[in-house]
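Going letter by letter, the sequence shown gives residues 21 to 180 in the working numbering. Idealized CB from N, CA, C, for every residue including glycine. Keep in mind that this is a model prediction, so the values were computed, not measured.
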Amino acid sequence: MSLPPLTTDRAGLVLTELGVADADAYFELLQASRDHLGPDYAEEVAATRTEILDYFASPDDDNLHYGLRLNGTLIGRIDLNPVKPPHYVLGYWLGAGHVGHGYATAAGRAVAEYARVSLRATDLFAGVTHGNDRSVAVLRRLGFAAVATFDEYTRYQLAL
């Protein structure tokens with residue numbers, strides 16, 4: 021499935037499908053954000069360029085992968101995971117130098133609208149590790165509500 025580019029309400033911020041051509045920029049962004057991303061992304065940060073290239077060439081999941089591009093530069097990632105359509109899981113991260121500017125919220129808004137209109141999604145879910153207050157704030161701005169708490173994370177839901 022080829023994904024359409026998505027515009028956002030943030031000047032210069034566009035979402036485009038991540039692919040093989042993005043492997044080097046993605047690897048560099050991961051490495052630059054190693055400390056910022058923390059243990060939740062340890063496996064991804066530990067991946068080699070070749071492993072990232074192989075993943076984008078032949079993903080081992082059914083996720084819809086979008087890159088957040090600010091004036092053409094890759095600054096993060098946002099995915100929709102079709103766990104049980106019409107229910108999808110939203111996942112996202114921003115590079116270390118790009119938090120606090122509303123980019124994750126703008127990307128989440130664009131992806132949620134795409135999911136609702138094009139995928140006919142009825143609900144989005146997201147899991148946030150306890151202590152990740154910035155991510156919780158993004159979800160709240162998007163209208164998500166906490167629906168379950170587990171030992172390591174809280175699950176959020178947005179009815180579309």
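Give every residue of the same chain whose Cβ lies closer than 8 Å to the Cβ of R54, excluding the five residues on either side of it in the sequence, and list them in chain order. Indexing the sequence shown from 1 puts residue 54 at position 34. Around R54: V65.
State buried or exposed for T125, treating a residue as buried only when at least 16 other CB atoms are found within 10 Å of its CB. As a working note, residue 125 is residue 105 in the sequence shown. Buried, because 16 or more other Cβ atoms sit within 10 Å of the Cβ of T125.
Using a threshold of 7 Å, state whether the C-beta atoms of A135 and L100 are closer than that. Residue mapping note: residue 135 aligns to position 115 of the sequence shown, counting from 1. Residue mapping note: residue 100 aligns to position 80 of the sequence shown, counting from 1. Yes, these two residues count as a Cβ contact at 7 Å.
In the DSSP output, what is F145 paired with across the bridge? Reading the sequence shown from its first residue, position 125 is the one you call residue 145. DSSP, once it has assigned bridges, lists V109 and Q177 as partnering F145.
Beta carbon of A106, beta carbon of R140: below 7 Å? Reading the sequence shown from its first residue, position 86 is the one you call residue 106. Reading the sequence shown from its first residue, position 120 is the one you call residue 140. The question names Ala, but residue 106 in the sequence shown is Pro. Contact: yes.
Taking all protein chains shown into account, decide if A77 is buried (16 or more other Cβ within 10 angstroms of its Cβ) or exposed. As a working mapping, residue 77 is identified with position 57 in the sequence shown. With fewer than 16 other Cβ atoms within 10 Å, it is exposed.
So what does H85 bridge to, in DSSP terms? By one-based count along the sequence shown, residue 85 stands at place 65. In the DSSP output, where bridge partners are listed per residue, H85 has D99.
Give me the Cα-Cα distance between D29 and L180, rounded to the nearest whole angstrom. For the purposes of this step, residue 29 is taken as the residue at position 9 of the sequence shown. For the purposes of this step, residue 180 is taken as the residue at position 160 of the sequence shown. Taking the straight line from one Cα to the other gives about 19 Å.
Candidates L88, I95 and V156, of which the one nearest G117 by Cα: Along the sequence shown, read from residue 1 onward, the residue named residue 117 stands at position 97. The residue among L88, I95 and V156 with its C-alpha nearest the C-alpha of G117 is I95.
Pick helix, strand or coil for V119, following the three-state DSSP scheme. The count along the sequence shown starts at 1 and reaches residue 119 at position 99. The answer is coil: DSSP assigns V119 none of H, G, I, E or B.
Nonlocal neighbours in the same chain, by C-beta distance under 6 Å from A43, ignoring five residues either side: As a working mapping, residue 43 is identified with position 23 in the sequence shown. Annotation for A43: I72, L73 and F76 place their beta carbon closer than 6 Å to its own, counting only its chain and skipping 5 residues before and after.
Restricting to Cα atoms, I'd like to know which of A132, N91, Y123 and R160 is closest to V109. In the sequence shown, the residue the question calls residue 109 occupies position 89. Closest by C-alpha distance to V109, out of A132, N91, Y123 and R160, is A132.
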